[in-house]
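Here the structure comes first, spelled out in structure tokens, and everything after it is commentary.
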Amino acid sequence: METKKDQGLQKLGDLFANRQTIKPPAYEWQDFALRIISELGIPGFKRASVFKICKENSKDYVEKCLNETKELCKTGERWKYFFKVIAAVKLANEDKKITSPED
84 METKKDQGLQ KLGDLFANRQ TIKPPAYEWQ DFALRIISEL GIPGFKRASV FKICKENSKD
144 YVEKCLNETK ELCKTGERWK YFFKVIAAVK LANEDKKITS PED
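Just so we're aligned, residue 84 is where the sequence shown starts under this note's numbering, counting upward by one.
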């Protein structure tokens, strides 16, 4: 039985042929969304929702909701709680706009 020896790289082109490139996020909100997805363990079918939230809302607003989720939800599925907090805060802000008197 013959065994092959590892001869290493034979050509300089082999080094570049085996190289894998990872595209970085194009926008800051994409990187932020990926961080939220990893921290809260958000499942694949809800990833697009996180990207949409991060794209359409300010980073401060989303970060506030993320911190609130981390503080209040110690057990269970934190990603579900995150979506509830996002919806509740957004609804409360919309109610304030509607009920506030105009000058």
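Glycine is no exception: its CB is placed at the ideal position from the N, C-alpha and C atoms.
Keep in mind the model is a prediction, meaning the values are calculated, not measured.
How should residue i be labelled, buried or exposed, when 16 other C-beta atoms within 10 angstroms of its C-beta is the threshold for buried?
i	result
Ala116	buried
Thr158	exposed
Phe99	exposed
Relative to the C-alpha of residue i, which residue among the options is closest?
i	options	result
Glu146	Glu160, Lys129 and Val168	Val168
Cys156	Gly127, Cys137, Ala131 and Glu122	Glu122
Gly127	Trp162, Ala170 and Glu177	Trp162
Glu151	Lys135, Ala170, Lys138 and Tyr110	Ala170
Quick one: does residue i have its CB under 8 Å from some CB of chain D?
i	result
Leu123	As a matter of chain content, chain D is missing from the structure shown, which is built from one protein chain.
Is residue i helix, strand or coil by DSSP?
i	result
Cys148	helix
Ala109	coil
Any chance the segment 97 to 109 sits against the segment 135 to 150, with 3 or more Cβ pairs inside 8 Å?
Result no; under three Cβ-Cβ pairs closer than 8 Å.
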